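Before any comments, here is the structure.
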Amino acid sequence: MKQTVEPIRSKQQIKQVEEYLAKKSKRNRLLFVLGTNSGLRVSDILNLNVSNVRNKTHIEIKEQKTNKFKKFPINDKLKKLIQEFIKNKEDDEPLFLSQKQKRLDRSQAYRMLNEACKAVGITVNIGTHSMRKSFGYHHYKQFKDVAMLQMIFNHSNPKITLRYIGIEQDEIDNSYKQFVL
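Mapping of the sequence shown onto this note's numbering: residues 830 to 1010, in sequence order.
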């Protein structure tokens, strides 16, 4: 059975992961912050070029998995990190390069994220998809708008979205904890 990855449910832990990555690598910090602030799949993040983000107010892509067009604004935190990260880069190069100057791949992103999460004491099952799920989880917690999140994720059903970000199980568990006969 394929084990599903979890969102990082604590904003404090997200901050700790970011701080850990900031000490190690500007690239890895940006990758993580982009993942947790955009809800993009890691395949779409790793496919970005410098030209997709330089002097832009929005990121516009065609999602690899769905082939659907996606456009979203770059928040101020991301803008600052992006500008600093790309200042000496060429427009046509991949945004995220490996040490061998090739496009960073999914397994490298996975190792970086797992190392960071372990280092700050996160014990739930983490994978690259945890960044997307963390975005969804915290977006839902802040806005309580499952319909908006469903559109952001291109899900066909709100139930899928709630299950995807772990809210459905959280609410079931909570109802059990609060129910006593």
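From the three backbone atoms N, C-alpha and C, an ideal C-beta is built for every residue, glycine too. What you are looking at is a predicted structure, and each value in this text was computed from that prediction instead of being measured.
Item to check | Minimum C-alpha distance to Glu889 - residue among Ser867, Leu910, Leu1010, Asp905 | outcome: Ranked by Cα distance from Glu889, the first of Ser867, Leu910, Leu1010, Asp905 is Ser867.
Checklist entry - Between the stretch 907-923 and the stretch 878-897, are three or more C-beta pairs nearer than 8 Å? => result By the criterion of at least three beta-carbon pairs nearer than 8 Å, the stretch 907-923 is in contact with the stretch 878-897.
Next on the checklist: Can you give me the C-alpha to C-alpha distance between Ala945 and Lys962, rounded to a whole angstrom?
Outcome noted: Distance between the alpha carbons of Ala945 and Lys962: 17 Å.
Next on the checklist: According to DSSP, simplified to helix, strand and coil, what is Pro836?
Outcome noted: Note: Pro836 maps to coil in three-state DSSP.
Item to check | Own chain partners of Ile1018 with C-beta closer than 8 Å, once the 5 adjacent residues on each side are dropped | outcome: Any question about residue 1018 goes unanswered here, given that the chain covers just 830 to 1010.
Item to check | Cα-Cα separation between Ile837 and Leu1010, rounded to whole angstroms | outcome: Spanning the two alpha carbons is a distance of roughly 33 Å.
Item to check | Bounding residues of the alpha helix (DSSP H) (the contiguous stretch that carries Ser914) | outcome: One point to set straight first is that residue 914 is Phe, not Ser, in the sequence displayed. Element bounds for Phe914: 905-915.
Item to check | Anticipated Cβ contact below 8 Å, Asn983 with Thr895, distance rounded | outcome: At roughly 5 Å, the Cβ-Cβ gap stays under 8 Å, so Asn983 and Thr895 are in contact.
Checklist entry - In whole angstroms, what separates the C-alpha of Leu869 from that of Ser1004? => result In this structure, the CA atom of Leu869 is about 31 Å from the CA atom of Ser1004.
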